[in-house]
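>
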Amino acid sequence: MDRLQSMRVFQRVVEEGSFTAAARALDMSPAVITRLVADLEQSLGTRLLHRTTRKLSLTEAGNEYGARLHSILQDIDEAEMAAAAHSKELQGSVRVLSTPTMASYFIAPNIAHWRERHPKLMLDLSIDPQPLARIEAFDLAVVAADEDFDANIVARPLGTNNLILCASADYVQRMGEPLAPDDLVRHDYLKPALLPGQDQSGRKLRLELSDPCSEASDPEEVVVTPVLRTQSFDVMLRAGLNGIGFFAVSELIARPYLNCGQLIQLLPDWMLGRVTAYAALPTRKFMPAKTRAFLDFLVERAGAVN
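Sequential numbering of the sequence shown, starting at 828, is according to our numbering.
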């Protein structure tokens, strides 16, 4: 039995919550995953997992073993990365956890640039709407929000963007372009999850002037009519591009669509607030060279688009 491989497989099963999900993440068959965990349990002489048809849970021994194993594997990874740092070309993988929006609209468009720079370093990208809850199992997380970070997390700002209002050219031609915040009352609103400048009901938007050098002005609160409510930004963007209504989006994401004319910015002097993107890392005394390389890459690419 390859003890180290079995240990890594067991850790991934615990992280993913099932043998099937771990097999998919590791690109192995479920049968091999099951056998490796069983071999590990046999070598230890104790059961690590409770298995039922519906649920997978840790035994008391498995819980203690898993807690110690995380630290052990982290030390092994750091030792390997320290040795690999002496090589000119980084190899292996960097495990990144990201919100769906940042993965689709910031990380994915830059993967080709990453591959050109580090062709032998694989990007292992996982998606989670709340990535900070699982950050300890990853090298780095990418989030975009006004976050209060725990003491065990180091956060590096990647850039701050205005949240602007946009609609498709089709929609503006059909419904007219609002010239003042109060004009939005006559327009159809695509409501996302709660965001700055939007109340819990999604029927009120609080707009403020986007130019910090402009004369002081009180925020404008306007009543809007949501015609779509969704937690999926992709669904909201697609609906917006198809002319269903107007919506709020960060300048970072909107810029390509604005540049090609698919979207038009509404009320360009106003915004709903600002959102900051962060690269967040678990606090560790040693940062592997692969993690440092990806962090530096994110900072560079964020600077290129901001």
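Beta carbons are placed, not taken as given, at the ideal position from N, Cα and C, and that holds for glycine.
Where do the N-terminal and C-terminal ends of the beta strand (DSSP E) with L948 fall, by residue?
948-954
> Helix or strand or just coil, what does DSSP make of H897?
helix
> Taking C-alpha atoms, which residue in R881, S884, R1001, Y892 lies nearest to S833?
The option with the nearest alpha carbon to S833 is Y892.
> Output needed for A1104: all residues of its chain with C-beta closer than 6 Å, excluding positions within five of it in sequence on either side, in chain order.
A971, L985, G986
> How should S920 be labelled, buried or exposed, when 16 other C-beta atoms within 10 angstroms of its C-beta is the threshold for buried?
exposed
> So what's N872 in DSSP terms, helix, strand or just coil?
Here the sequence assigns Gly to residue 872, which means Asn is not the residue at that position. The answer is coil: DSSP assigns G872 none of H, G, I, E or B.
> Compare the C-beta of D955 against all C-beta atoms of chain B and say whether one is closer than 8 Å.
In the displayed structure, chain B is absent; only one protein chain is listed.
> Nearest to L1125 by CA position, among Y998, R874, R944, is which residue?
R944
> Measure the C-alpha to C-alpha separation of N890 and A935 and round it to an integer number of angstroms.
35 Å
> For E1214, tell me which candidate among I1091, R942, T928, V1076 has the shortest Cα-Cα distance.
Residue 1214 lies beyond the stretch modelled for the chain, which goes from 828 to 1133, so this question has no answer here.
> Identify the residues that DSSP records as bridge partners of V969: which are they?
S925, A1106
> Less than 7 Å between C-beta atoms, sequence neighbours within five positions excluded: which residues of the same chain meet that for M1002?
H1014
> Run through the DSSP bridge pairs and tell me what G1100 is partnered with.
L990
> Which of helix, strand or coil does DSSP assign to D829?
Three-state DSSP puts D829 in coil, outside helix and strand.
> Out of curiosity, what's the CA-to-CA distance linking L1032 and L863?
54 Å
> Contact defined as beta carbons within less than 8 Å: I believe M1114 pairs with S1037. What is the distance between those atoms, to the nearest angstrom?
Cβ atoms of M1114 and S1037 stay farther apart than 8 Å, at about 36 Å.
> Determine the burial state of S976: buried for a count of at least 16 other Cβ atoms within 10 Å of its Cβ, exposed for fewer.
Looking at the sequence provided, one finds Phe at residue 976 rather than Ser. By the 10 Å Cβ count, F976 comes out exposed.
> Among F1121, D1123, A1107, whose alpha-carbon lies nearest the alpha-carbon of A960?
It is A1107 whose Cα lies nearest to the Cα of A960.
> Check R1030 in the structure and name its three-state DSSP category.
coil
> From which residue to which residue does the beta strand (DSSP E) around F976 run?
Segment: none, F976 is in no beta strand (DSSP E) and carries neither H nor E.
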